[in-house]
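*Asks:* Before anything else, here's the structure in question.
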Amino acid sequence: MTCETAKEAWDALKVTFQGNDRTRQMQVLNLRREFELLRMKDTENIKKYSDRLVNIVNKIKLIGEQLPNSRVVEKVLVSLLERFETKISSLEDSRDLSRMALLELINALEAQEQRRAIRTEEVIEGVFRATNKDLIRQGGRNDQEKNSKDNKKNGRNCEDLKIILF
16 MTCETAKEAW DALKVTFQGN DRTRQMQVLN LRREFELLRM KDTENIKKYS
66 DRLVNIVNKI KLIGEQLPNS RVVEKVLVSL LERFETKISS LEDSRDLSRM
116 ALLELINALE AQEQRRAIRT EEVIEGVFRA TNKDLIRQGG RNDQEKNSKD
166 NKKNGRNCED LKIILF
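Last residue of the sequence shown? That's 181 in the numbering used here, and every number before it is there in order.
The following block contains the structure:
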């Protein structure tokens, strides 16, 4: 409010919200460090990881620093978990990764993640179906408990059977 010209007001706002050149340099340094150290966590899916990555990239670009798309794609490829190794190899063989868009890469990785989830669900459902069929054949829980006791006498238990199924 004490500024007399629009230029003075703009400069005051710029310093208040963006900081001076030295502050911006420190912000860029910290964001670049965060970008370089970023890795996908074991419990994370592609969507969550890409959201974290894009958030950092957007902050870097908002400050005014240049970060080429090819560098971001390269970062994703080197920071993924081992379970994506086959997909990465496939992409390296079939496409020019220096020209690949980040969104295209993320979509390809999400598709693989979804296929893997579907396969995992089918295996689990198959195990449950086999267990239910066994219960029906055995005539219910009382027979199951009897068979369980017999199996324990013979040195077998449910854990052994589960391990064999998987």
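Built from N, CA and C at the ideal position, the CB exists for glycine as well.
How big is the Cα-Cα spacing for Asp66 and Thr135?
*Replies:* Their Cα atoms are separated by approximately 25 Å.
*Asks:* Can Ser85 and Ser113 be called in contact, C-beta distance under 8 Å?
*Replies:* Yes. Within cutoff.
*Asks:* Would you kindly report the start and end of the unbroken alpha helix (DSSP H) that includes Asp108?
*Replies:* Taken as a continuous stretch (DSSP letters only), the alpha helix (DSSP H) holding Asp108 covers Glu100 to Ser109.
*Asks:* To the nearest angstrom, how far is it from the Cα of Leu53 to the Cα of Asn35?
*Replies:* Whole-angstrom Cα-Cα distance: 27 Å.
*Asks:* Please determine, among Phe99, Ser109 and Ala116, the residue with the shortest C-alpha to C-alpha distance to Glu125.
*Replies:* The candidate whose alpha carbon is nearest that of Glu125 is Phe99.
*Asks:* Within its chain, find whatever has a CB closer than 7 Å to the CB of Glu80; leave out the 5 residues flanking it on each side and keep chain order.
*Replies:* Correct list, in chain order: Val43.
*Asks:* Express the C-alpha separation of Leu28 and Val69 in angstroms, rounding to a whole number.
*Replies:* If I take the Cα positions, the gap works out to 27 Å.
*Asks:* Under three-state DSSP, which class holds Glu128?
*Replies:* Here Glu128 sits in helix by DSSP.
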